[in-house]
Every structure is written in C-alpha cells, then in structure tokens.
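This report refers to the structure that appears directly beneath it.
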Amino acid sequence: MKSLLKAYQLNTAGALAQGSPASAVSFKGVGESLREKLSFLFLFKIRLVPLVIFFAVLVLGARVTTLFTHMGGKNILKEARASAAEKKDKSSPLGKLDTLPEKNKNGLKALDEFDPFNMTADQYRALKGVLDKGKQLSDREHSISEKEQVLQALVKKVDEKIAELKKTKEELKLLVDKIDEDENANTKRLVKMTEAMKPAQAAKVLEGIEFSILLDIMEKVQEKKASAILAAMDVEKAGYLMTALSKRRKIFKKDNPSKSVMKG
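The sequence shown begins at 1 in the working numbering and counts up by one.
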C-alpha cells in the first residue's frame with residue numbers, strides 16, 4: 001500500500017515537472033491503476049474481517065475448553081451426568097429395579113416395554129382374561145364384605161337376644177325365689193296350725209287336703225306330733241303317706257334341715 005502511494009507521488013511529481021500531454025496520459029493511467037488496487041485491497045480487507053472474527057472465536061473457545069479441563073471440568077461434567085441419570089432412575093417406575101427380586105425385575109421391564117397399540121390377538125385375549133379375573137375377584141371381595149357386614153349385624157342381634165334372655169332368666173329366678181319364699185312361709189304357718197291341733201283332729205283335717213300340700217306339711221311337723229297324726233289316720237292313707245315321705249327324703253339333700261322328715 002505504501003509502495004503504491006510512493007509510486008503515485010513520484011509519477012505525479014514528474015508529470016507536473018514535464019508539463020507534457022504524454023505525461024498527463026501516464027499520470028491518468030497510474031491514477032486508474034492505483035484506484036483499482038485500492039478498491040481490491042478495500043474489498044479484501046472487508047472480507048477478511050469475518051474470517052478474523054471466526055478464527056478469534058475458535059481460539060477463544062479452545063482456550064476456554066483447555067482452562068475448563070485444567071480446573072476439573074471433566075469431573076464436574078461426570079458428576080452432573082451421574083446426578084441427572086440418578087434422578088431419572090428415581091423418577092422412573094423402573095428406577096429401583098436393582099433392589100427388586102429378579103422375578104419382579106423381569107415383570108416391570110416387560111411392562112415398561114409393553115405397547116398396547118401393537119398387541120396381537122393372543123395378547124389381547126390374555127389381557128382381557130386378566131382384567132376379567134380381576135373384576136371377578138373385586139366383585140367377590142365386595143360380596144364377601146357385604147356378607148361380613150350382614151354376619152356382624154346378626155351376631156350383634158344374637159348378643160342382644162342372649163343379654164335379654166339372661167335378664168329374663170334373672171327375673172324369673174327372682175320370681176321363683178319369691179314364690180318359694182312365700183310358699184315356705186305359708187307352709188310354716190300350716191305346720192304351726194297342725195302342731196297346735198290334737199292328733200285325731202289334725203288327722204281328720206289333713207286327710208281332706210291336697211296330697212302335695214300334705215307332704216309339705218308332714219315333712220316339717222315335729223316327729224312326735226307327726227307319729228300321733230299318722231296313728232290317727234286311715235291305715236291305707238297313712239302307709240301311702242309314709243312311702244311318699246321316704247321317697248322325698250332320698251331326693252332332697254340330707255344336709256338341709258328344713259327338708260328333713262320327722263324333724264324333732
């Protein structure tokens with residue numbers, strides 16, 4: 001560039017010194033040649049700028065990569081990739097295959113690879129059979145649950161009925177005890193009345209009463225008084241009464257003084 005300018009200056013100075021037409025023509029040619037060269041250099045310079053920028057970016061990238069590598073960039077990338085893979089495994093349903101038994105691993109892998117849009121007829125029938133079986137099991141479970149509820153209700157009713165029966169039994173026992181107490185009190189009064197009578201008079205009265213009542217009375221009358229009454233009774237009836245008293249004595253407990261026959 002500098003040499004072109006210098007040549008241009010020399011030619012110009014020479015032409016001006018000579019002042020001839022030929023020199024003017026030569027001066028014009030030199031000017032045009034210089035203009036063309038300057039235009040070429042200008043265009044070359046414009047095209048060279050993007051190339052310089054491009055190569056500068058490449059050099060800068062290489063320097064940054066080298067610096068990143070020296071600072072442990074590869075280890076950081078490995079750790080980042082490992083962390084991303086671990087998160088992906090945890091978020092995936094198959095991320096924990098290593099902790100499962102081999103049978104479950106195979107099942108989950110097959111499920112993950114299964115494509116419902118590419119099923120064969122056999123696969124469709126098998127899948128439909130599994131779904132139908134699951135529905136049957138669900139319905140059966142629901143039916144069993146309903147039956148359990150009905151059974152629990154029945155058990156509750158039975159328990160309530162048993163409680164009512166126990167209560168009724170206790171009430172009946174109290175009622176029977178009250179009746180026995182009243183009968184015993186009534187029998188005691190009849191015994192006292194019989195013992196207050198004369199034997200012949202008592203025998204005559206007792207022969208006319210109900211036999212079960214006669215047994216209750218004669219069972220509690222004093223032995224001496226009972227012997228006199230039996231002697232005054234009809235022989236046949238007295239023998240029958242003695243037999244009944246003997247049988248009753250075997251039935252009742254011997255250690256119950258209130259039920260002893262001929263107790264003095």
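All residues carry an ideal CB built from backbone N, CA and C; glycine is no exception.
Residue j beta carbon less than 8 Å from that of residue i
i	j	result
M233	A185	no
L230	L241	yes
T243	I217	no
E219	L245	yes
V221	E181	no
E207	K237	yes
P199	A163	no
Host alpha helix (DSSP H) of residue i (start-end)
i	result
M119	Note, M119: premise wrong, no alpha helix (DSSP H); not H, not E.
I266	In the structure as shown, the chain begins at 1 and stops at 264. Residue 266 is therefore absent and cannot be evaluated.
F204	Checking the sequence, you will find Lys at residue 204 rather than Phe. Unbroken alpha helix (DSSP H) run through K204: 199-206.
DSSP-derived helix/strand/coil call for residue i
i	result
V59	helix
M233	coil
G129	helix
A22	Caution applies to A22, whose pLDDT of 43 falls short of 50 and renders its modelled position unreliable; the value that the coordinates give is listed next. Looking at A22 - three-state DSSP - the assignment turns out to be helix.
V191	helix
A228	helix
G95	Here G95 scores only 48 on pLDDT, less than 50, and its place in the model is too uncertain to base an answer on.
S246	helix
Report the start-end ranges of each beta strand (DSSP E) in the stretch 127-191 that is 3 residues or longer and not cut off at the edges.
Annotation: the stretch 127-191 contains no complete segment of the beta strand (DSSP E) (minimum length 3 residues).
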